[in-house]
Structures are given as C-alpha cells and as structure tokens.
Amino acid sequence: MQRDKIDTVVKQISQVILGKERQIRLAVACLLARGHLLIEDIPGVGKTTLAHTLAAVLGLQFQRIQFTSDLLP
Numbered sequence: 003m004q005r006d007k008i009d010t011v012v013k014q015i016s017q018v019i020l021g022k023e024r025q026i027r028l029a030v031a032c033l034l035a036r037g038h039l040l041i042e043d044i045p046g047v048g049k050t051t052l053a054h055t056l057a058a059v060l061g062l063q064f065q066r067i068q069f070t071s072d073l074l075p
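Under my numbering, the first residue of the sequence shown carries the number 3, and numbering increases by one thereafter.
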C-alpha cells in the first residue's frame, strides 16, 4: 500500500473513531505487516468499533470472538 492510500484509510477510520489516530495507525501497520493484533483495554473505549470499522473500510470480513469464563476448560 502506498503512503497516500494508508493516509486515506486512516482518515476514513478517524471519521468514526475520534481522537485515536495513533491506535488506528498501529492497527493498520499491524495489518499491513500481516501480523496479529490483540487489543486490550477497559470496556467502552471502542475496541470492537475500531476492528469493525477497519474491516469495513478495507472491504474485509469482520468476526468477533467473545471470550468469557464459561468458555474455559
């Protein structure tokens, strides 16, 4: 991806996720590096929204996995 395309993706995501440009850029960088991204934080800060918006902007599929104590062995 070229720099201008990356900036366009970040700008589109920033229209949904406000004030989190650093986190958005890190998520995009991780995706471009073909790495795994684990987002941990307190509830209500936009983790799922970031993942969903990133997938939507790039035309990718989004699936959420909810880990709860009842899923543990």
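For each residue, glycine too, the CB sits at the ideal point set by N, CA and C.
Original post:
What separation, rounded to the nearest whole angstrom, lies between the Cα atoms of His54 and Arg5?
Top reply: 22 Å
Subject >> Euclidean distance between Cα positions of Ile15 and Asp72 >> reply: 33 Å
Original post:
Smallest Cα separation from Glu23: which of Gln68, Gln65, Ile67 and Leu56?
Top reply: Leu56
**OP:** Below 6 Å CB to CB, which residues in the same chain sit around Gln17 once its five sequence neighbours on both sides are set aside?
**Re:** none
Original post:
Thinking C-alpha only, which one of Leu34, Glu42, Ile8 and Thr10 is nearest Phe69?
Top reply: Glu42
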